[in-house]
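Please read the structure below before turning to the comments.
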Amino acid sequence: MSLTKKVVSVVLGLFIVVFVVTYLITINNSRQFFIEQMNSNAQDTATSLGLSLSNALQEKDKALMLPMVEAVFDRGYFSMIEVRDMRGKLLVSRYAPRRQSIAPEWFIEWTQWPSSVQSALVMNGWNQVGEVLVTSDSSYASDALWSYARSLVYLYLVFAGIALIVTVLFLRWLLRPLKRVTKQAEAICQREFPVETTIPKTTELRHLTLAMNQMVNHIKMLFQEQMQQMEILRHQAFQDGLTNLGNHRYFHQQLSVLLENEEEFTPGFVVLINIEGLEQTNQKQGFQEGDKVLLTVAKLCSNFWSRLSNVSLARINGSNFALTVKEVSLGRFLNQCEEFNNGLQQALKFYPECQVFVAATSYYLHQTVKALLEEVDQILLQARTKENHFAYSASIRENEVISLDKDAIRAALENGSFNAYLQEVTDGETVFHHELFLRIKVNNIEIRGGRFLPVVDNSELAAEIDTAVLKKIIDIHLLRNKPVALNLTAYTVIEPQARNKYLKMLESIPAAEKTNLQLEFNETVVLNHFVEAIYFTKAVQKLGIHLGVDQVGIHFSPMHYLNQLPLDYLKVHGSFFHDIDENQTRQFFFYYFNEMAKTLNIQVVATQIETEKQWKTLKSLKLRWGQGKFLGNLEKLK
Numbered sequence: 001m002s003l004t005k006k007v008v009s010v011v012l013g014l015f016i017v018v019f020v021v022t023y024l025i026t027i028n029n030s031r032q033f034f035i036e037q038m039n040s041n042a043q044d045t046a047t048s049l050g051l052s053l054s055n056a057l058q059e060k061d062k063a064l065m066l067p068m069v070e071a072v073f074d075r076g077y078f079s080m081i082e083v084r085d086m087r088g089k090l091l092v093s094r095y096a097p098r099r100q101s102i103a104p105e106w107f108i109e110w111t112q113w114p115s116s117v118q119s120a121l122v123m124n125g126w127n128q129v130g131e132v133l134v135t136s137d138s139s140y141a142s143d144a145l146w147s148y149a150r151s152l153v154y155l156y157l158v159f160a161g162i163a164l165i166v167t168v169l170f171l172r173w174l175l176r177p178l179k180r181v182t183k184q185a186e187a188i189c190q191r192e193f194p195v196e197t198t199i200p201k202t203t204e205l206r207h208l209t210l211a212m213n214q215m216v217n218h219i220k221m222l223f224q225e226q227m228q229q230m231e232i233l234r235h236q237a238f239q240d241g242l243t244n245l246g247n248h249r250y251f252h253q254q255l256s257v258l259l260e261n262e263e264e265f266t267p268g269f270v271v272l273i274n275i276e277g278l279e280q281t282n283q284k285q286g287f288q289e290g291d292k293v294l295l296t297v298a299k300l301c302s303n304f305w306s307r308l309s310n311v312s313l314a315r316i317n318g319s320n321f322a323l324t325v326k327e328v329s330l331g332r333f334l335n336q337c338e339e340f341n342n343g344l345q346q347a348l349k350f351y352p353e354c355q356v357f358v359a360a361t362s363y364y365l366h367q368t369v370k371a372l373l374e375e376v377d378q379i380l381l382q383a384r385t386k387e388n389h390f391a392y393s394a395s396i397r398e399n400e401v402i403s404l405d406k407d408a409i410r411a412a413l414e415n416g417s418f419n420a421y422l423q424e425v426t427d428g429e430t431v432f433h434h435e436l437f438l439r440i441k442v443n444n445i446e447i448r449g450g451r452f453l454p455v456v457d458n459s460e461l462a463a464e465i466d467t468a469v470l471k472k473i474i475d476i477h478l479l480r481n482k483p484v485a486l487n488l489t490a491y492t493v494i495e496p497q498a499r500n501k502y503l504k505m506l507e508s509i510p511a512a513e514k515t516n517l518q519l520e521f522n523e524t525v526v527l528n529h530f531v532e533a534i535y536f537t538k539a540v541q542k543l544g545i546h547l548g549v550d551q552v553g554i555h556f557s558p559m560h561y562l563n564q565l566p567l568d569y570l571k572v573h574g575s576f577f578h579d580i581d582e583n584q585t586r587q588f589f590f591y592y593f594n595e596m597a598k599t600l601n602i603q604v605v606a607t608q609i610e611t612e613k614q615w616k617t618l619k620s621l622k623l624r625w626g627q628g629k630f631l632g633n634l635e636k637l638k
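Here the sequence shown is numbered in full-length UniProt numbering, starting from 1 and rising by one per residue.
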């Protein structure tokens, strides 16, 4: 029950008590007044009638007495008039029949009117000649008291109604600051930090509002401090201090996870950029000039390759840069490399002591990082002999992405030629959810998502895959038995038509099953399409469905979205945990990250946990949820 209802109930209760007590006292006083008036009227009538009947009663003249008695009786306020002589003999009398009162019977019985007979002696000189007896008719008093009682009730009801309306309006006005504080508290739960600018004048509410503002500012400052500390630690652990690109450790571990993860492996290419003559520039023109060369190359790399979403860029040592490109078309990739190389050569014309060389090759699943880097180093030697300073592996065409087009993928969806696999996210005992991985079958060969999703990226077919997966789990009622997490493509999140279609499908899911559904999408979607991501997450939140962000941390952008999106969990990219059991800097960073997420009531999931050492280290850092082969293999959905 709301505070307003409670106050109204108390006020109404007090009104009822006051009304009942006042009503009973008023009715009783009115009844006593009517009784006294009836008795007084009867006594006065008996006295005046006795004076009038003096001579007639002395002479026993009934003919004279009767008109006098009737004249008085016919006024209608008496139920009985009797005239008796001194011996008590009845000489003249009049009795009124029982009159029908407008007051209900229960009211008459409740008021209990006494039947009082008033008398007066009839004197003739000094002699008593008789007696007059008069009784008033109580039905008139009952009618008058009943009318008064009803009017009193009506007046009280009107007054109570007006008082309640005024009370409700007053309370609403008075409690408006409390509603604003409530909204402020709800906003904090949604990871927003609004400060209330309207300060009420009521002392208690003023203190409450100021206290809430103080708390909001404190929480906001705490969150910002944690974010700043986390960014500092991330910069120290994963970024190059000069260029702000990834460092050697970042690139090495990103590449290791990419080559080892069968389910999310996407074929692509590695590019190595080498700057020769940097030491001579440092010696002749100073380190500042050498830094300018590095910054020029870093800026050109960032600007050129940022057009692609699946690029990982790093400065791996003093004069070398490297990047991975998840690209499905070899021809397009080589054209991009040619264009990129031309831009590099043009940029370094201003630094005659320096030359830049570019080497490229493809990578494949389960290839070791060492072997891959040795291969690209050999290609770099070839680039030194090329006139344009660019070379690529002679076998690069053999490693081109498998032949797979959109028509083949669409046909697999339409024919139901796909399998779903589930993998637990768990703390070792309790299951957080089962993540669903999709594989399509082309020519009886299962193709993992990492291979076919780049083909449909940013196309309507990507949304068709999302809807097909959702339809499948709805049809088999999978959500009745277990919590399931679905990965969404960027197209479904950012394209209005695809998004609305998907939301309508979500609305059709029974409420009990919605609580078992969790949706997640790549962090890249949030960073590149923030407005669309907010719209989608708000709409999904209204449906009671949990939300998460996948592959968190592979970008160096600040994570300000954490307090702006209604997220329930974050899945941190597996590269963070590759050597976490040995790297204290990374442990320190992840501890801060986890604590910051707890402040926002967001669960953190560590992915690609492959060893017991990794899991024990993460548990010591107060992490609860993990996912990977060590905690549970993929199981085919039957």
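Glycine included, C-beta positions come from ideal geometry on N, C-alpha and C.
| In terms of DSSP beta bridges, what is D550 paired with? | N522, per the DSSP bridge assignment.
| message | How far does the alpha helix (DSSP H) with T135 in it extend, from its first residue to its last? | response | Careful: T135 lies outside any alpha helix (DSSP H), inside the beta strand (DSSP E) at 127-136.
| field | Buried versus exposed, by CB contacts within 10 Å (16 or more), G241 | value | By the neighbour-count rule (16 or more Cβ atoms within 10 Å), G241 is not buried but exposed.
| task | For L91, collect the residues of the same chain with a Cβ closer than 8 Å to its Cβ; drop the 5 residues on either side in sequence, then sort them by chain order. | result | So the list reads L57, K60, K62, M65, V83, R84, D85, G130, once near-sequence residues are dropped.
| message | For the ligand MG, I want to know if G286 counts as a neighbour, meaning its beta carbon is within less than 6 Å of at least one of the ligand's heavy atoms. | response | Although the ligand MG was asked about, the structure shown includes no ligands whatsoever.
| message | Using C-beta distances below 7 Å, list every residue in its chain close to S119, excluding the 5 sequence neighbours before and after it, in chain order. | response | Counting only Cβ-Cβ distances below 7 Å, and skipping sequence neighbours, we find A46, E131, V132, L133.
| Coarse secondary structure for M86, derived from DSSP in three states | If DSSP states are grouped into helix, strand and coil, M86 belongs with coil.
| query | In three-state terms, what does DSSP make of H578? | reply | In this structure, DSSP gives H578 a state outside helix and strand, which the three-state scheme calls coil.
| query | Can you name the residues that DSSP bridges to I275? | reply | Looking at the DSSP assignment, I275 forms a beta bridge with V356.
| query | Between the C-alpha atoms of K370 and T324, what's the straight-line distance to the nearest angstrom? | reply | Taking the straight line joining both Cα atoms gives about 15 Å.
| query | Among E192, V525, I409, I473, which has the Cα closest to the Cα of Q518? | reply | When each option's Cα is compared against that of Q518, the closest is I473.
| task | Measure the Cβ-Cβ separation of Q551 and H529 and say whether it is below 7 Å. | result | Contact: no.
| N274 versus K349: straight-line alpha-carbon distance, rounded | Distance between the alpha carbons of N274 and K349: 15 Å.
| query | Ordered along the chain, which non-local residues of its own chain (more than five positions away) have a Cβ less than 6 Å from that of L479? | reply | Excluding sequence neighbours, L479 sits near E513, N516, L517.
| said: Alpha carbons only, please: which of M215, L255, F15 is nearest the one belonging to I162? | reply: For the set M215, L255, F15, the Cα lying nearest the Cα of I162 is the one of F15.
| Can you pull the DSSP bridge partners for F269? | According to DSSP, which records beta bridges pairwise, F269 is partnered with V325, S362.
| message | DSSP three-state label for T537, please. | response | T537: helix per DSSP, three-state reduction.
| request: Pull up the distance between the alpha-carbon of R150 and that of G13, whole angstroms please. | output: In a straight line, the C-alpha of R150 is about 20 Å away from that of G13.
| Pick from G318, F333, G548: whose alpha carbon is nearest that of F269? | Checking every option, the nearest Cα to that of F269 belongs to F333.
| task | Would you identify the three-state DSSP class for V195, choosing helix, strand or coil? | result | Here V195 sits in coil by DSSP.
| Looking at the unbroken beta strand (DSSP E) that takes in T426, where does it start and where does it end? | 418-426 is the span of the beta strand (DSSP E), which, as asked, contains T426.
| By DSSP, does I379 sit in helix, in strand, or in coil? | Of the three classes helix, strand and coil, the one that applies to I379 here is helix, per DSSP.
| said: For the region 590-599 against the region 373-387, do three or more pairs of beta-carbon atoms, one drawn from each stretch, fall closer than 8 Å, so that the two count as touching? | reply: No, the region 590-599 is not in contact with the region 373-387.
| Is DSSP giving L623 helix, strand or coil here? | Reduced to three states, the DSSP call for L623 is coil.
| query | Per DSSP, which one or two residues make a beta bridge with L517? | reply | Within the DSSP bridge table, the entry for L517 names V484 as partners.
| message | Quick check: the Cα distance between Q564 and S329, rounded to an integer number of angstroms? | response | Q564 and S329: Cα-Cα distance of roughly 37 Å.
| query | Which value, in whole angstroms, describes the spacing of the CA atoms of P177 and H434? | reply | Looking at the two C-alpha atoms, the distance is approximately 44 Å.
| message | Just verifying my parser: in three-state terms, what is the DSSP assignment at V401? | response | Unreliable positioning characterises V401 in this predicted model, as indicated by a pLDDT of 45, which lies under 50. The coordinate reading is nonetheless provided below. Correct three-state label for V401: coil.
| task | Could you check the C-alpha separation between S459 and K179 for me, to the nearest Å? | result | If you draw a straight line from the Cα of S459 to the Cα of K179, it comes to about 45 Å.
| task | Report the rounded CA-to-CA distance for N261 versus G628, giving the unit in angstroms. | result | Cα-Cα distance, rounded: 10 Å.
| Supposed contact pair Q587 and T617 - C-beta distance, whole angstroms, cut 8 Å | So it is a contact: roughly 7 Å between Cβ atoms.
| Inter-residue CB distance, F390 and C337 (contact presumed, cutoff 8 Å) | Yes, they are in contact, since the Cβ atoms of F390 and C337 sit about 6 Å apart, within 8 Å.
| Helix, strand or coil at R439 [DSSP, three-state] | It is a strand residue.
| In the DSSP assignment, what residue or residues form a beta bridge with E105? | The partner list for E105 (beta bridge, DSSP) is empty, contrary to what the question assumes.
| query | Is A120 helix, strand or coil by DSSP? | reply | Per DSSP, reduced to three states, the secondary structure at A120 is strand.
| said: DSSP three-state label for K636, please. | reply: Looking at K636 - three-state DSSP - the assignment turns out to be strand.
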